[in-house]
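Colleague: Chains as they are written, first to last, in our numbering: chain A, -16 to 170; chain B, 90 to 285.
Beta carbons: idealized from backbone N, C-alpha and C, even for Gly.
Source: prediction; values computed, not measured.
Below: one structure in structure tokens.
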């Protein structure tokens, strides 16, 4: 009995330590997650491999553009959010394929494919080093998500140990339009 | 000396007996559990057309089924085939835009049916991502051979997905398919043009 008590105490302590280590181990997904750089709307936010600046944010009920010479009009049950971005690549050519809006609830809204073929989309461009590239990002999201938004930009979706730029969007700097026309010279 | 030898042998026998009984008990328990699970798995509810089914990642409401010769985007079905078109409302309940709805709907009583093509009715075009909290009117299309005999009533299964905060491989959050959560039985309407 006199030996049993310290032994069981040691086992309990060892168990507690192991439980603590197990519950605080950072998950693999976090260890290999994106390398984030944050900034505000209007500022040039620079990461190691690329930088970006949000020039203009517009919300609209309808968007219109020309695709293959044909007029296209797209409507939504929520709102369209159009973001004009200037991107610069560091030392290597890179496409910026992934653009996501984190809405008020924390849900992630990827840029929509419903506006594919619209002129000046950033997702259709490649950013060359030394050549600042402007482009548009088109998002579709419910109206109640339009507060405390941030824009997440990276080379591809689900970046692992790669740069991701997070730009907080300013609610007061969002222009409201009924119908936004995406032309060859942007918004 | 003799007594202790006998005692040792006896103890070895008891140990083996206990191990045997324990093993048998474990086998019996797992067998009983698998029987219980397969019994309770059979109770998949049947829902009415138009009822919203909560399938974890997706909310699905199947409204009608028809057979036609036109795809919802206005193009014609490839020669020698016909289109089996299911009207549904699809809502993304997850926290991220997603285009992984291909496994959410299965047709049970048409053999060799591949994954359907999904069309967004708002645009009459192929459906890409479904945004969270934005239900959309969608058509799912299976292309089957022209001479294939279709049943009078289509039996559709809505397949559920569960969220794991940490998956077994990378401890990363993710959605994983499970089993059908509901069946919908619908009469097959012979619409001339599925796109209308």
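Where in the segment 143 to 212 of chain B do unbroken runs of the beta strand (DSSP E), each at least 3 residues long, occur, reported from the N-terminal end onward?
Modeller: 147 to 157, 170 to 181, 194 to 196, 206 to 209
Colleague: Could you have a look at residue 83 of chain A and say whether DSSP puts it in helix, strand or coil?
Modeller: In the structure shown, residue 83 of chain A sits in a strand (DSSP, three-state: E or B).
Colleague: Under 9 Å, do residue 250 of chain B and residue 223 of chain B count as touching if we go by C-beta distance?
Modeller: no
Colleague: Interface residues of chain B around residue 10 of chain A at Cβ under 8 Å?
Modeller: 255, 259, 260, 261
Colleague: In terms of residues, what are the limits of the beta strand (DSSP E) holding residue -11 of chain A?
Modeller: No beta strand (DSSP E) contains residue -11 of chain A, which is instead part of the alpha helix (DSSP H) from -13 to 7.
Colleague: Hey, residue 100 of chain A and residue 50 of chain A: beta-carbon distance below 9 Å or not?
Modeller: yes
Colleague: Express the C-alpha separation of residue 118 of chain B and residue 102 of chain B in angstroms, rounding to a whole number.
Modeller: 24 Å
Colleague: Going by CA-CA distance only, name the one from B:269, B:219, B:277, B:145 that's closest to residue 185 of chain B.
Modeller: B:219
Colleague: For the segment 73 to 107 of chain A, which residues have a beta carbon sitting closer than 9 Å to at least one beta carbon of chain B?
Modeller: 83, 86, 88, 89, 90, 91, 92, 93, 94, 95, 96, 97, 99
Colleague: Name the chain B residues whose beta carbon is nearer than 7 Å to that of residue 60 of chain A?
Modeller: Residues of chain B passing the Cβ test: 223.
Colleague: Who are the neighbours of residue 125 of chain A on chain B, taking C-beta pairs under 7 Å?
Modeller: Counting only Cβ-Cβ distances below 7 Å, residue 125 of chain A has contacts in chain B at 222, 223, in chain order.
Colleague: Using a Cβ-Cβ cut-off of less than 7 Å, give me the residues of the segment 175 to 188 of chain B that come near chain A, in sequence order.
Modeller: 184, 185, 186
Colleague: Excluding sequence positions up to five away, which residues of its chain have a Cβ less than 6 Å from the Cβ of residue 89 of chain B?
Modeller: Residue 89 of chain B is absent from the model: chain B starts at 90 and stops at 285.
Colleague: From residue 269 of chain B to residue 160 of chain B, what does the alpha carbon distance come to, in whole angstroms?
Modeller: Computed Cα separation, rounded: 27 Å.
Colleague: Using a Cβ-Cβ cutoff of less than 8 Å, which residues in the same chain neighbour residue 267 of chain B once the five nearest sequence positions on both sides are dropped?
Modeller: 145, 248, 249, 250, 251
Colleague: Is residue 267 of chain B helix, strand or coil when you go by DSSP?
Modeller: strand
Colleague: Using the three-state DSSP reduction, which class does residue 97 of chain A fall into: helix, strand or coil?
Modeller: coil
Colleague: Taking 8 Å as the limit between beta carbons, can you name the residues of its chain near residue 17 of chain A, skipping five residues before and five after?
Modeller: 137, 142, 143, 144, 145, 146, 147
Colleague: Does residue 214 of chain B get closer than 9 Å to chain A when you measure Cβ to Cβ?
Modeller: yes
Colleague: Using a Cβ-Cβ distance cut-off of 9 Å, determine whether residue 128 of chain A contacts chain B.
Modeller: yes
Colleague: Provide the residue(s) that pair with residue 253 of chain B in DSSP beta bridges, ordered along the chain.
Modeller: B:263
Colleague: One question on the structure: do residue 45 of chain A and residue 63 of chain A come within less than 9 Å of each other, judged by their Cβ atoms?
Modeller: yes
Colleague: Does DSSP classify residue 108 of chain A as helix, strand or coil?
Modeller: coil
Colleague: Mind listing the chain B neighbours of residue 57 of chain A? Cutoff is C-beta to C-beta under 9 Å, in chain order.
Modeller: What residue 57 of chain A touches in chain B, judged by beta-carbon distance under 9 Å, is 211, 212, going in chain order.
Colleague: Along the segment 223 to 249 of chain B, what residues have a CB closer than 7 Å to any CB found in chain A?
Modeller: So the list reads 223, given in the order they occur along the chain.
Colleague: From what residue to what residue does the alpha helix (DSSP H) around residue 12 of chain A run?
Modeller: 11 to 14
Colleague: Check whether chain A comes within 9 Å of residue 162 of chain B, counting only Cβ atoms and requiring the distance to be less than that.
Modeller: no
Colleague: Of all the CB atoms in chain A, is at least one closer than 9 Å to the CB of residue 217 of chain B?
Modeller: Chain A, which has a Cβ nearer than 9 Å to the Cβ of residue 217 of chain B, makes this yes.
Colleague: Enumerate in chain order the residues of its own chain whose CB-to-CB distance from residue 123 of chain A is below 8 Å, with the five nearest sequence positions on each side excluded.
Modeller: 59, 61, 62, 63, 64, 92, 95, 97
Colleague: How about residue 72 of chain A and residue 118 of chain A: are their beta carbons less than 9 Å apart?
Modeller: no
Colleague: Confirm, please, whether the CB-CB distance from residue 195 of chain B to residue 122 of chain B is below 9 Å.
Modeller: no
Colleague: Work out the CA separation of residue 9 of chain A and residue 167 of chain A for me, nearest whole Å.
Modeller: Straight-line Cα distance between these residues: approximately 47 Å.
Colleague: Tell me where the beta strand (DSSP E) around residue 48 of chain A begins and ends.
Modeller: 33 to 50
Colleague: Under 9 Å, do residue 150 of chain B and residue 141 of chain B count as touching if we go by C-beta distance?
Modeller: yes
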